[in-house]
Amino acid sequence: MEFNVFAGILIAIVSILIGAPDMRTDIGVYLNLEAFIMVLGGTFASSLISSSFKEFKYMGAALKTVVKNNQITPVEAVRKLVEISEEAQRSSRQNIVKTAEGVGDGYLKRGLQLVAAGLEKEFIDRALFTDINEINKRHTKYISKIRTMGSFAPMFGMAGTVIGVIQVLKNVTDIENIVSGMALALLTTLYGLFMTSILFLPLANKLKENSQKEIVTKQIIREGILMIYDKEIPLKVEKYLMAFLKSTEKENDKSK
466 MEFNVFAGIL IAIVSILIGA PDMRTDIGVY LNLEAFIMVL GGTFASSLIS
516 SSFKEFKYMG AALKTVVKNN QITPVEAVRK LVEISEEAQR SSRQNIVKTA
566 EGVGDGYLKR GLQLVAAGLE KEFIDRALFT DINEINKRHT KYISKIRTMG
616 SFAPMFGMAG TVIGVIQVLK NVTDIENIVS GMALALLTTL YGLFMTSILF
666 LPLANKLKEN SQKEIVTKQI IREGILMIYD KEIPLKVEKY LMAFLKSTEK
716 ENDKSK
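Each position in the sequence shown, counted from 1, maps to that position plus 465 in this note's numbering.
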């Protein structure tokens, strides 16, 4: 897990404990299984209605990258491409396929295999660009779905509030009924707000950041593959790709 993710979770917990001192002594007051199931279950149910099990499966894989991201960084991609360009200077394109077998990144491996196959440069460029475009579309869709889940959670929180109030008004003479009804009414709203502000929206923003880094990495790999195809010298490959990385990062910063 990245340090900033861990730090954010820790700060959120500490802030809540400081803001609600009685939570440190009697946390049970803030725990209600019915309210939790209503908000979380309702949120996932609504999301499932608007998508499919297959999309949920891939969304789960995307969420794992928040905890553990195995993607190579843009700088690591530049270093790897420079190493491969040095190898390409010493051998033929066909021998690059041996180098490709030892590459951990699937996108880079596919690009090297296309070069080793002796395909035209324009075809390789188009194929790699199409892959980037498809990855970007897929990431955008999953990020949008998680943001949508963030909008569903408060709605089910409000629904729980209405149900709780109805439960209270049904029998105002029963103290136990009033207590359980008000607990449901208030805690569903609280859970809905927490799930949106601490879970779904931060997850969506983190996935967007990871997606931008991955797209930049793949753009660098695409440029590097084309330079390797042209048998450019390693120094030129390194200087060009580092300049490309800096310009791309500036563009992403402006778009935020």
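Just so you know, even glycine gets a beta-carbon here, dropped at the ideal spot from N, CA and C.
{"query": "Could you check whether L691 and D590 sit closer than 8 Å to each other, using their CB atoms as the reference points?", "result": "yes"}
{"query": "Quick one: what's got a C-beta closer than 7 Å to V580's C-beta in the same chain, skipping five residues either side?", "result": "R558, I561, I589, I690, I693 and Y694"}
{"query": "Within 10 angstroms of its Cβ, does R489 collect 16 or more other Cβ (buried), or is it exposed?", "result": "exposed"}
{"query": "Quick one, which of A542, H604, A510 and M614 has its alpha-carbon nearest S674's?", "result": "Sequence check: residue 674 is Glu here, not Ser. It is H604."}
{"query": "Output the boundary residues of the alpha helix (DSSP H) element that contains N560.", "result": "Counting along the chain, N560 falls outside any alpha helix (DSSP H), and DSSP gives it neither H nor E."}
{"query": "Please identify the residue among I537, F468, Y656 and A669 whose C-alpha is closest to the C-alpha of K678.", "result": "I537"}
{"query": "For N642, report the span of its alpha helix (DSSP H) as first-last.", "result": "I640 to F659"}
{"query": "Apart from the five residues just before and just after G646, which ones in its own chain have a Cβ nearer than 6 Å to its Cβ?", "result": "G629, Q632 and V633"}
{"query": "In the segment 558-638, which residue ranges form an unbroken alpha helix (DSSP H) of at least 4 residues, counting only runs that do not cross its ends?", "result": "561-566, 571-581 and 586-635"}
{"query": "Quick check: G583 and F621, are their CB atoms within less than 8 Å of each other?", "result": "no"}
{"query": "Could you check where the alpha helix (DSSP H) with T490 kicks off and where it finishes?", "result": "D487 to T490"}
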